[in-house]
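Colleague:
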Amino acid sequence: MLYRTTFFLTLLFTLFQSACKEVPPIVKKKPNVVFILVDDLGLVDLGVTGSSYYETPHINGLAKQGMIFTQGYAASRVCSPSRASIMTGKFTARHGITDWIGAKSGEAWREHNRHDKLLPAAYVHSLPKDDISLAEAMKDGGYATFFSGKWHLGSEGSYPEDHGFDSNVGGWDKGSPIGGYFSPWENPKLENRNDGENLSMRLAQETASFIKKNTEVPFFAFLSFYAVHGPIQTTRAKWQKYRDKANASDIADKGYQMERVLPIRVVQDNPIYAGLVESMDEAVGLVLNTLVEAGIDDNTIVIFTSDNGGVASGDAFSTSNLPLRGGKGYQWEGGIREPYFIRVPWLRSKGIENDYPVTGADFYPTILDLVGLDPLPDQHVDGISLKPVLEGKKMTVKRPLYWHYPHYGNQGGEPSSILQEAGWKLIHYWEDDHDELYQLATDVEERNDLAEAYPEMKIAMRQKLMEWLTQVGANLPEKDLDYDAEKAAQRSRDMVEKKWPSLEKQRLDFLSTDFEPNADWWGSKVTKD
46 MLYRTTFFLT
56 LLFTLFQSAC
66 KEVPPIVKKK
76 PNVVFILVDD
86 LGLVDLGVTG
96 SSYYETPHIN
106 GLAKQGMIFT
116 QGYAASRVCS
126 PSRASIMTGK
136 FTARHGITDW
146 IGAKSGEAWR
156 EHNRHDKLLP
166 AAYVHSLPKD
176 DISLAEAMKD
186 GGYATFFSGK
196 WHLGSEGSYP
206 EDHGFDSNVG
216 GWDKGSPIGG
226 YFSPWENPKL
236 ENRNDGENLS
246 MRLAQETASF
256 IKKNTEVPFF
266 AFLSFYAVHG
276 PIQTTRAKWQ
286 KYRDKANASD
296 IADKGYQMER
306 VLPIRVVQDN
316 PIYAGLVESM
326 DEAVGLVLNT
336 LVEAGIDDNT
346 IVIFTSDNGG
356 VASGDAFSTS
366 NLPLRGGKGY
376 QWEGGIREPY
386 FIRVPWLRSK
396 GIENDYPVTG
406 ADFYPTILDL
416 VGLDPLPDQH
426 VDGISLKPVL
436 EGKKMTVKRP
446 LYWHYPHYGN
456 QGGEPSSILQ
466 EAGWKLIHYW
476 EDDHDELYQL
486 ATDVEERNDL
496 AEAYPEMKIA
506 MRQKLMEWLT
516 QVGANLPEKD
526 LDYDAEKAAQ
536 RSRDMVEKKW
546 PSLEKQRLDF
556 LSTDFEPNAD
566 WWGSKVTKD
């Protein structure tokens with residue numbers, strides 16, 4: 046009896062001691078990060094940002110779960126420079142990749158038979174090894190790192206696996222989907238499994254597979270779609286859905302207007318592009334659903350953005366960016382303002398719109414800050430952490446944003462550099478050294494040039510821009526001494542008299558009931574829609 050009493054007293058004392066001790070909190074692993082980068086997606090190519098034609102329910106839902114930055118900018122009007130800025134936290138003139146890698150510069154530009162006044166500047170052709178990439182910083186911080194999709198930041202020796210990614214599925218030197226959006230494609234980093242397999246969904250499946258295998262460790266997954274880059278392709282079913290949708294409305298008599306150099310699309314009624322956008326959205330949905338099914342949705346930061354504006358001129362003439370002027374390749378807002386969403390599940394920023402101007406260079410320090418890794422201020426020198434904004438604080442940092450594109454593009458944009466600060470935007474043109482000045486708050490369409498009305502503002506901003514370009518050692522274009530004005534004028538006439546009418550005809554062909562690109566719809570017939 047004494048033994049039994051002693052035993053129970055000892056047991057009670059032990060339980061009391063345990064109860065009095067502070068119970069350690071449940072320790073979660075570091076937050077995961079999923080970064081979704083779409084190629085050539087315009088600001089208004091989503092339902093959540095204004096499109097009534099394209100259907101993007103999964104991305105709409107993601108945006109409403111996070112913060113929507115209404116003045117979110119890509120670091121460049123074309124792909125490689127923007128991607129390099131995401132990876133380095135630097136503006137393009139500083140890291141030196143100022144054009145898409147593979148574009149001709151200097152005297153080689155004449156091979157395009159373009160007859161332009163300038164020879165485009167030289168540029169860096171691969172992600173600099175001296176930079177600590179975002180992936181390397183995450184890997185050093187204990188993260189498993191994964192890349193899937195378009196890379197376009199250098200040839201062999203400068204692939205994702207050479208810049209901090211443990212795994213690379215589909216990333217190589219090419220910037221477009223070689224072989225198309227349906228298997229068999231031509232990509233040494235992505236094997237063909239089933240004929241007709243959709244490229245966007247395959248990349249999402251690879252990302253989902255990585256996520257499922259790494260639920261117990263912190264991971265950084267970068268899903269970089271080839272979509273919605275040209276050549277644009279879709280299935281017959283999706284084409285018919287969007288053709289019928291366009292025909293159910295009053296189809297505009299004209300789908301294009303003439304911009305300075307090329308015709309530019311001014312309506313969203315391209316059923317092929319619409320189908321491509323929807324397929325990409327479905328792929329995003331697969332990844333988001335995987336996070337939920339794996340039970341890690343509440344501990345995963347999701348970022349969604351694009352690398353430049355929608356293609357309204359040149360390439361596939363895919364979409365309209367109105368009310369923004371221009372599109373991919375252009376110096377106006379249509380070329381650089383993007384969807385820019387950040388979802389942090391534990392922060393109260395669901396569906397909140399914020400108009401603080403942000404850029405692709407900000408992702409690097411923001412991610413480090415959100416996951417608790419030390420900043421690398423000597424690396425991400427042009428980016429700032431957006432964590433305070435995401436926490437609901439007012440951002441007091443006033444900083445200039447710079448863009449530098451000393452090149453001619455395929456889409457009609459002109460060699461120019463940009464300074465945006467305090468709502469004002471100055472564009473300096475290198476052909477003739479003139480400037481345009483816009484006040485974006487009242488003129489987001491950039492139709493009212495205020496350079497003559499505010500000469501002091503123009504001069505001050507131009508001086509600041511030039512000083513910064515000198516400071517970072519920016520390369521500049523040179524005059525082409527072989528420039529032929531008459532040949533240039535003939536090319537301009539051809540754009541109006543030949544190219545424009547052919548585009549209008551093509552637009553109506555896409556919307557006709559008997560449109561058929563080829564017998565198997567780009568190889569998609571052997572797979573599900």
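So the mapping is simple: the working numbering equals the position in the sequence shown, first residue as 1, plus 45. Ideal Cβ positions, reconstructed from N, Cα and C, are used throughout, including at glycine. Note that the structure is a prediction, hence the values are computed from the model and not measured.
From D326 to K439, what does the alpha carbon distance come to, in whole angstroms?
Modeller: Near 32 Å, if we compare the C-alpha coordinates of K439 and D326.
Colleague: Comparing alpha-carbon positions, which option in H157, G199 and T133 lies nearest L179?
Modeller: Closest option to L179, Cα to Cα, is T133.
Colleague: Comparing alpha-carbon positions, which option in E459, L446 and T350 lies nearest A467?
Modeller: Selected option, being the one with the closest Cα: L446.
Colleague: Would you kindly check if the distance between the Cβ of N366 and the Cβ of V93 is under 8 Å?
Modeller: Result no, Cβ atoms of V93 and N366 do not sit closer than 8 Å.
Colleague: Going residue by residue through the region 505-562, where are the continuous alpha helix (DSSP H) segments of at least 4 residues, counting only ones entirely within it?
Modeller: 530-539 and 545-556, all fully within the region 505-562.
Colleague: Let me know the beta strand (DSSP E) ranges lying completely inside the region 306-385, each 3 residues or longer, listed in chain order.
Modeller: Segments of the beta strand (DSSP E) lying fully in the region 306-385: 308-310 and 345-351.
Colleague: Can you check whether the CB of E491 is closer than 8 Å to the CB of W377?
Modeller: Their beta carbons are under 8 Å apart, which means W377 touches E491 by this criterion.
Colleague: Quick one: what's T190 bridged to in DSSP?
Modeller: DSSP output for T190 lists F265 as bridge partner(s).
Colleague: Can you tell me whether DSSP reads R388 as helix, strand or coil?
Modeller: If DSSP states are grouped into helix, strand and coil, R388 belongs with the strands.
Colleague: Taking a contact to mean a Cβ-Cβ separation below 8 Å, would you say T645 touches A272 in this structure?
Modeller: Outside the shown range of the chain (46 to 574) lies residue 645, about which nothing can therefore be said.
Colleague: Relative to the C-alpha of Y375, which candidate in L331, H473, D314 and I397 has its C-alpha closest?
Modeller: Out of L331, H473, D314 and I397, H473 has the C-alpha closest to the C-alpha of Y375.
Colleague: Compute the Euclidean distance between the alpha carbons of R536 and R159, then round it to the nearest angstrom.
Modeller: Cα to Cα, R536 sits roughly 8 Å from R159.
Colleague: Tell me whether the beta-carbon of S127 lies closer than 8 Å to the beta-carbon of A120.
Modeller: Yes, these two residues count as a Cβ contact at 8 Å.
Colleague: May I ask which residues mark the beginning and end of the beta strand (DSSP E) holding S294?
Modeller: That residue, S294, is in no beta strand (DSSP E); it is neither H nor E in DSSP.
Colleague: Are the region 406-422 and the region 337-351 touching, with three or more C-beta to C-beta distances below 8 Å?
Modeller: Touching, per the Cβ criterion.
Colleague: What does DSSP give as the partner residue(s) for T404 in the beta ladder?
Modeller: Note: T404 sits in a beta bridge opposite Y118.
Colleague: Can you name, in chain order, every residue of its own chain whose Cβ lies under 7 Å from the Cβ of G95, other than the five neighbours on each side?
Modeller: Only V89 meet the Cβ criterion.
Colleague: Spatial neighbours of G396 within its chain, please: C-beta separation below 6 Å, excluding the five flanking residues on both sides.
Modeller: So the qualifying residues of the chain are K109.
Colleague: If you run the structure through DSSP and keep just helix, strand and coil, what is K299?
Modeller: It is coil, neither helix nor strand.
Colleague: Please classify H425 as buried or exposed, where buried requires at least 16 neighbouring CB atoms within 10 angstroms.
Modeller: Classification for H425: buried.
Colleague: Within the same chain, show all residues whose beta-carbon is closer than 8 Å to that of G568, passing over the 5 residues directly before and after it, in chain order.
Modeller: Result list for G568: G225, F227, S228, P229, D240 and G241, in chain order.
Colleague: Flag this pair as yes or no: are the beta carbons of I256 and T335 separated by less than 8 Å?
Modeller: Closer than 8 Å, so yes.
Colleague: Please state whether the Cβ-Cβ distance between E512 and L164 is less than 8 Å.
Modeller: No. Outside cutoff.
Colleague: Would you say V123 and N399 are within 8 Å of each other, going by their C-beta atoms?
Modeller: Going by C-beta atoms, V123 is not nearer than 8 Å to N399.
Colleague: Is the number of C-beta pairs between the region 175-192 and the region 484-502 that are closer than 8 Å three or more?
Modeller: Cβ pair count under 8 Å is below three, so no.
Colleague: Assuming A148 and H479 form a contact by the criterion Cβ under 8 Å, report the distance between their Cβ atoms to the nearest whole angstrom.
Modeller: 24 Å between Cβ atoms; not a contact.
Colleague: Since N243 sits in a beta bridge, which residues does DSSP pair it with?
Modeller: Note: N243 sits in a beta bridge opposite F227.
Colleague: Taking a contact to mean a Cβ-Cβ separation below 8 Å, would you say T260 touches I341 in this structure?
Modeller: Their beta carbons are under 8 Å apart, which means T260 touches I341 by this criterion.
Colleague: If you draw a straight line from the alpha carbon of S203 to that of E561, how long is it in whole angstroms?
Modeller: One C-alpha to the other measures close to 40 Å.
Colleague: Distance check for Y98 and W469, CA to CA, integer angstroms please.
Modeller: Roughly 32 Å between the two C-alpha positions.
Colleague: Between R122 and the ligand GDP, is there a pair consisting of the residue's CB and a ligand heavy atom that are separated by less than 7 Å?
Modeller: The ligand GDP is not among the ligands present in this structure, which contains no ligands whatsoever.
Colleague: Alpha carbon to alpha carbon, what distance is there between D559 and D477?
Modeller: Their backbone Cα atoms lie some 48 Å apart in a straight line.
Colleague: To the nearest angstrom, report how far apart K299 and S462 are at their CA atoms.
Modeller: In a straight line, the C-alpha of K299 is about 32 Å away from that of S462.
Colleague: Note down, in chain order, each residue of its chain lying with its Cβ closer than 6 Å to the Cβ of P76, except the 5 sequence neighbours on either side.
Modeller: Answer for P76: N344, I346 and V416, listed in chain order.
Colleague: Please state whether DSSP places V83 in a helix, a strand or coil.
Modeller: DSSP places V83 in strand when its eight states are reduced to three.
Colleague: Are three or more beta carbon pairs between the region 312-324 and the region 282-301 nearer than 8 Å?
Modeller: Enough Cβ pairs lie closer than 8 Å, so yes.
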